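Numbering (the working numbering), first residue to last: 2 to 329. A virtual CB, placed ideally from N, CA and C, is assigned to each residue, including glycine. Note that the coordinates shown come from a computational prediction; the quantities given were computed from them, not determined experimentally.
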């Protein structure tokens, strides 16, 4: 009796296997009727442009420099340029007023060093924000930022080492201290982090190696943590990768764009579209003086190639900066 189940099992094993049903090729194709409407092809990244461009940080120090910036934007973003936030080296009222009144570029805001926070800048209809470098967490620095947040916006140019968990934890400690006891409803504070999207690095490391490198793993984990601070925004600005941003026809642009997308993807997942702000430069860094047009094209294509829809593109390249700086 004990051998009967074994015999039955052996018999079933010896039976020929049933053929696996195969789906017809038509199952993987859209129906013939209404193909264009029901299964539209995604738009080409080369054709996806923001409706309006707001540059959240253009480093200029004179009227001539501002006009040169406008010319350097090139043909693509220039007709769409609806506003620019100029990053100034100091807060001399006369210089600021001269820039605004003589500029053909719509100036919607200015950023000045946090060290000039006590300087009175009486400029009508222009948002005044402050910028400060971050190297290490210190109580005095956190207190200065917390005080400046009462006015609204502080741009923090991250300059500490983010290649390990320790650097990110230091930044998190700083943000936690700076935003402590700040009432978001009363002051509408905003911290804009620059120089982390993308972070500094070297192009020599192969992309495949970078994907599993501890620095990239730390980047993914800690940007997700930082996104929990609702008042924190991220600037999509040119990275410090040892050279100027390549132009669209430059052979290096393909590798640059691939890496930008690697860093942009986790930020979009963590922050969404509404807290990423396009900027042609970091406010306190002019190390490589890249052409604004080159960074705009590279960043725009990187965003579009990630499959971001028109609404998201409009937010990143225009709407988010407009919402922050659009009212004085």
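*Quick one: grab the DSSP three-state call for residue 318.*
helix
*Exposed or buried, residue 293, counting other C-beta atoms within 10 Å across all chains shown (16 or more means buried)?*
buried
*Cβ-based neighbour list, residue 322, same chain, cut-off 6 Å, excluding 5 preceding and 5 following*: 55, 57, 278
*Nearest-angstrom Cα distance between residue 128 and residue 144?*
22 Å
*Apart from the five residues on each side of it in sequence, which residues of its chain come closer than 7 Å, Cβ to Cβ, to residue 191?*
153, 154, 232, 234, 325
_Quick check on the burial criterion: 16 or more other C-beta atoms within 10 angstroms. Buried or exposed for residue 302?_
buried
*Below 7 Å between beta carbons: does that hold for residue 246 and residue 49?*
no
_Integer Cβ distance of residue 180 from residue 230, believed to fall under 8 Å_ = 6 Å
*Where residue 327 and residue 140 are concerned, what is the direct C-alpha to C-alpha distance, given to the nearest angstrom?*
31 Å
*So, helix, strand or coil for residue 310, using DSSP?*
coil
*Would DSSP call residue 50 helix, strand or coil?*
coil
*State the beta-bridge partners of residue 217 as determined by DSSP.*
Bridge partners of residue 217: none, in fact.
*Are residue 298 and residue 249 closer than 7 Å when you measure CB to CB?*
yes
*Near residue 83, what residues of its chain come up, given a Cβ to Cβ distance below 7 Å and the 5 sequence neighbours on each side ignored?*
53, 54, 55, 107, 319
*Pick helix, strand or coil for residue 117, following the three-state DSSP scheme.*
helix
*Using only alpha-carbon positions, find the residue among 312, 304, 316 that is nearest to residue 47.*
304
_Burial state of residue 259 (16 or more Cβ within 10 Å)_ = exposed
*asked:* Using CA atoms only, rank isn't needed, just tell me which of 217, 148, 164, 316 is closest to residue 184.
replied: 148
*Per DSSP, residue 135 is paired with what?*
159
*Give the single residue among 210, 215, 263 whose Cα lies nearest to the Cα of residue 167.*
215
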